[in-house]
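What follows is a single structure, written as structure tokens, with notes after it.
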Amino acid sequence: MLKIKNLHASVEDKTIIKGLDLNIKPGEVHAIMGPNGAGKSTLGYVLSGREGYEVSEGSVEFKGQDLLEMDIEERAREGLFLAFQYPVEIPGVSNMEFMKESVNAMRKKQGLEPLTAAEFLKKAKEACKQVNLPLDFLKRGVNEGFSGGEKKRNEIMQMILLEPKLCILDESDSGLDIDALQVVANGVNSQRSPERSFIVVTHYQRLLDYIKPDFVHILADGKIVKSGDASLALEVEKAGYAWLGDKSKEAGA
Amino acid sequence: MSEQIEQALARKYEAGFVSNIESETFAVGLDEEVIRRISTMKNEPEWMLQWRLKAYESWLKMEEPEWAHLHYPKIDYQSISYYSAPKSMKDKPKSLDEVDPELLRTYEKLGIPLHEQQMLAGVAVDAVFDSVSVVTTFREKLEEAGVIFCPISEAVHKYPELVKKYLGTVVPRSDNYFAALNSAVFTDGSFVYIPKGVRCPMELSTYFRINEQNTGQFERTLIVADEGSHVSYLEGCTAPQRDENQLHAAVVELVAMDNAKIKYSTVQNWYPGDEEGKGGIYNFVTKRGICHNNAHISWTQVETGSAITWKYPSCVLKGDNSVGEFYSVALTRGRQQADTGTKMIHLGKNTKSTIISKGISAGRSNNAYRGLVQMGPNSDGARNFTQCDSLLIGDQCGAHTFPYIESRNPSAIVEHEATTSKVSDEQLFLCQQRGLDAEKAVSMIVNGFCKEVFKELPMEFAVEAGKLLEISLEGSVG
Ligand SMILES: Nc1ncnc2c1ncn2[C@@H]1O[C@H](COP(=O)(O)OP(=O)(O)OP(=O)(O)O)[C@@H](O)[C@H]1O
Ligand SMILES: [Mg+2]
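Same order as they appear, the protein sequences are chains E and G.
With the numbering used here as the guide, the letters of the first sequence map in order to residues 1 to 253.
With the numbering used here as the guide, the letters of the second sequence map in order to residues 254 to 731.
Here it is, written out as structure tokens:
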């Protein structure tokens with residue numbers, strides 16, 4: 001699904017990703033943890049092609065294609081989905097309209113007819129229920145005035161509707177109450193399949209009680225410094241990242 | 254600002270073609286003789302000529318206004334031709350079959366087929382080409398309802414009493430420099446009269462097209478809605494792509510008698526000039542309506558064209574409980590400049606007005622909202638609500654807001670809200686991450702911003718307006 005080799009990337013001339021390797025097979029769930037400022041969100045932006053994020057070295061293969069060659073929207077249409085840590089508002093554009101356009105953009109890529117308003121509405125209502133948002137969220141402007149938790153659930157709703165191949169969830173659990181956390185986790189679990197892979201960025205082991213990862217990676221100072229299974233998350237929960245101190249210095253030197 | 258937005262904005266102007274039509278065009282220049290000749294061409298009665306000449310006299314004494322936030326070289330009024338008409342229109346075609354097919358094709362290309370069977374059902378059209386009305390559709394059907402919808406040049410002959418009674422009563426001949434010029438040299442436009450208690454059975458619309466080079470278009474529209482009547486009217490306009498600037502100075506007068514309602518919508522798409530600001534229409538327009546008791550006038554405008562826009566559709570709320578509304582979307586890009594807004598003059602008791610203005614500036618354009626809310630001494634209980642939002646695309650454009658509030662009645666309430674926002678890289682990125690291309694993303698964000706105004710447009714045209722914005726924002730390949 002995704003093969004990242006020796007990736008180096010910078011923003012505003014500041015190198016953030018410093019030689020990152022990661023291999024993800026179809027159907028796998030990889031959790032990424034790591035201290036604030038380690039480069040977790042940056043990795044998501046680099047993979048999705050955001051402007052201003054320059055790759056200076058390394059390669060990324062997505063479904064056998066050179067990901068770095070593609071435009072943002074091409075990557076999205078190939079099935080790369082990013083759930084934002086801080087979803088932005090688009091006033092006046094209804095959630096419904098926005099998602100219909102994007103679902104149809106994906107369908108077009110797959111050579112499918114666009115969904116009619118009625119067909120889409122039916123799907124959207126189901127997705128809305130699945131993440132436990134009232135139906136009037138479909139009519140409201142994209143993220144307009146949504147609470148933090150509502151924005152996160154709205155991202156998961158989009159993921160459900162778009163049926164991506166690779167989902168990158170950037171702290172979809174932060175700021176959620178216990179019930180919402182379960183809703184988000186259930187949303188993700190319902191989408192798990194042998195063809196779909198996930199990168200779950202989180203600070204809390206708790207989420208991983210609900211979404212069982214196949215691998216856990218610790219990202220620090222722009223690279224993956226430790227990988228393991230779900231138990232690694234428990235270790236982190238106990239010990240924090242202090243132990244990284246020397247290690248990342250070594251790596252930086 | 255991202256390159257993609259810039260690309261998404263590289264606009265093509267689809268109405269920029271020139272029709273090859275043989276015209277009779279006056280030599281450039283303006284004097285009393287020219288006005289007499291216009292009047293003769295139109296076969297006008299003496300009173301109409303005298304009216305024009307008085308306007309001309311006032312115009313000569315007036316100064317071109319300079320207070321607007323607009324910069325352009327001085328207009329040379331002697332280098333403009335004040336009359337141009339297709340030769341084929343000389344002996345007034347009786348039916349559509351007699352109209353020059355090239356003229357019909359021009360409108361068809363613009364998406365306005367004039368054959369009734371091909372038209373949008375429920376919309377009657379008056380097509381004005383340079384200085385004359387080419388055809389007015391569905392007239393019989395309208396006449397059955399008692400509605401008069403015809404070129405104003407024809408109304409002068411057929412309904413002189415109505416024209417004499419109302420012409421210049423809302424926008425006096427010497428109201429302002431451009432209105433005075435228009436009063437002297439106006440050539441055609443539409444006349445509408447809705448009798449008492451009649452709800453006009455279809456949308457009325459006039460489509461203005463400037464074709465000839467170096468000519469100005471000076472149209473005059475007069476709409477009278479008698480007591481308790483209703484009418485919805487739409488105006489559209491385009492011009493070919495030319496390197497020279499062309500002048501358009503129109504006057505629109507609306508009269509809403511007691512309990513009447515007029516909804517006037519404009520989709521203005523005059524040629525805006527090229528990227529560097531070469532060419533384009535200078536649009537200096539005076540639009541005003543008067544509301545008698547319980548009457549309601551609603552102006553909705555979508556302005557995407559013209560190199561220069563100077564336009565303030567206004568309401569004089571003379572009658573008690575009357576209502577004035579102004580909903581505006583003005584989009585400027587390239588080197589376009591717009592200074593537009595409204596005046597709400599509250600004279601009667603419990604009068605209400607609403608102003609929603611959405612300005613979108615891109616490229617190196619300048620977009621100004623200028624609005625006056627005036628509460629007269631007798632406007633007890635009057636209310637105004639103004640919301641004025643600007644959206645910036647890129648960082649080389651300008652948005653300006655000039656709200657003027659004058660209240661002479663302590664019981665009147667005036668509310669004003671203003672916001673300025675940008676199409677952000679984050680918004681664009683979100684859209685693209687969801688599979689939309691930059692063009693689609695920008696037009697969707699802009700459409701969302703304009704939503705409150707678009708919902709005021711007649712249904713058939715809301716879609717059109719959305720499309721127009723999309724085209725205006727569309728990046729052409731190469
Ligand atoms: N546009 C930018 N300009 C300068 N520095 C940036 C920019 N974007 C990110 N950075 C820096 O890159 C580093 C990594 O940021 P990133 O957002 O990827 O961290 P993160 O691991 O997601 O942290 P958190 O856990 O707090 O979300 C930070 O030091 C941040 O300040
Ligand atoms: Mg982050």
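Beta carbons are placed, not taken as given, at the ideal position from N, Cα and C, and that holds for glycine.
Since we're looking at a predicted model, the values are computed, not measured.
Could you tell me if the beta carbon of P87 (chain E) falls within a distance shorter than 8 Å of some heavy atom in ligand 1? no
Taking the alpha-carbon positions, what's the D170 (chain E) to T202 (chain E) distance? 7 Å
Measuring CA to CA, which of G:Q686, G:G526, G:E670, G:F382 is closest to I463 (chain G)? G:F382
On the DSSP bridge list, what partners appear for Q494 (chain G)? Q494 (chain G) pairs with nothing; no bridge assigned.
Would the segment 179-187 of chain E and the segment 92-101 of chain E be scored as touching if the rule is three or more Cβ pairs under 8 Å? no
For Y657 (chain G), does the three-state DSSP call read helix, strand or coil? strand
Span of the beta strand (DSSP E) holding M510 (chain G)? Careful: M510 (chain G) lies outside any beta strand (DSSP E) and carries neither H nor E.
Thinking C-beta only, is V281 (chain G) closer than 9 Å to V438 (chain G)? no
For S575 (chain G), name the three-state secondary structure that DSSP assigns. coil
Chain-ordered neighbours of G39 (chain E) on chain G, where CB pairs are closer than 8 Å: Within 8 Å Cβ-Cβ: nothing; G39 (chain E) doesn't reach chain G, min ~18 Å.
What in chain E is Cβ-close to K704 (chain G), meaning under 7 Å? G92
For the candidate residues E:G27, E:Q110, E:E12, E:E61, whose alpha-carbon lies nearest to that of N6 (chain E)? E:E61
Determine the closest residue to K708 (chain G) out of G:R687, G:T639, G:S581, with distance taken between C-alpha atoms. G:S581
When burial is assigned at 16 or more other CB atoms within 10 Å of the CB, is I698 (chain G) buried or exposed? buried
In terms of alpha-carbon separation, which member of G:A509, G:K516, G:I534 lies closest to C544 (chain G)? G:A509
So what's K611 (chain G) in DSSP terms, helix, strand or just coil? strand
Interface partners of K708 (chain G) on chain E, CB under 9 Å: Here the premise fails: no neighbours, minimum Cβ distance about 11 Å.
DSSP three-state assignment for V667 (chain G), whether helix, strand or coil: strand
Starting from I24 (chain E), trace the beta strand (DSSP E) both ways and give me its first and last residue. 14-24
Judging by CA-CA distance, which residue of G:E497, G:S482, G:T459 is the nearest neighbour of Q521 (chain G)? G:T459
Which residues, in order along the segment 572-585 of chain G, keep a beta-carbon less than 9 Å from a beta-carbon of chain E? none
Using the C-alpha atoms, what's the distance from V505 (chain G) back to M294 (chain G)? 22 Å
For the alpha helix (DSSP H) that contains S272 (chain G), what are its first and last residues? Unbroken run through S272 (chain G): none, as it is neither H nor E.
Contact belief for F579 (chain G) with T595 (chain G) at Cβ below 8 Å, rounded distance in angstroms: 4 Å
Within this structure, are the beta carbons of F471 (chain G) and T519 (chain G) separated by less than 9 Å? no
Can you tell which of G:N467, G:Y446, G:T639 has its C-alpha closest to the C-alpha of L475 (chain G)? G:Y446
Per DSSP, which one or two residues make a beta bridge with Y309 (chain G)? Bridge partners of Y309 (chain G): none, in fact.
For a test of your reading of the model: does the CB of D170 (chain E) fall under 8 Å from any non-hydrogen atom of ligand 2? Yes or no. yes
Using Cβ-Cβ distances below 7 Å, what residues of the segment 108-132 of chain E are close to chain G? none
P114 (chain E) versus G442 (chain G): straight-line alpha-carbon distance, rounded: 43 Å
Neighbourhood of Y210 (chain E) by C-beta distance below 6 Å, restricted to the same chain and skipping five residues each side: A185
Roughly how many angstroms lie between the CA atoms of S664 (chain G) and I658 (chain G), to the nearest whole one? 14 Å
Checking 9 Å against the spacing of the C-beta atoms, do N435 (chain G) and T539 (chain G) come in under that value? yes
At a threshold of 8 Å, does K100 (chain E) count as lining ligand 2 (C-beta to nearest heavy atom)? no
Could you check if N154 (chain E) is buried or exposed, using at least 16 other CB atoms within 10 Å of its CB as the buried criterion? buried
Note down, in chain order, all residues in the segment 78-90 of chain E with a beta-carbon under 9 Å from any beta-carbon belonging to chain G. L80, F81, L82, F84, Y86, P87, V88, E89, I90
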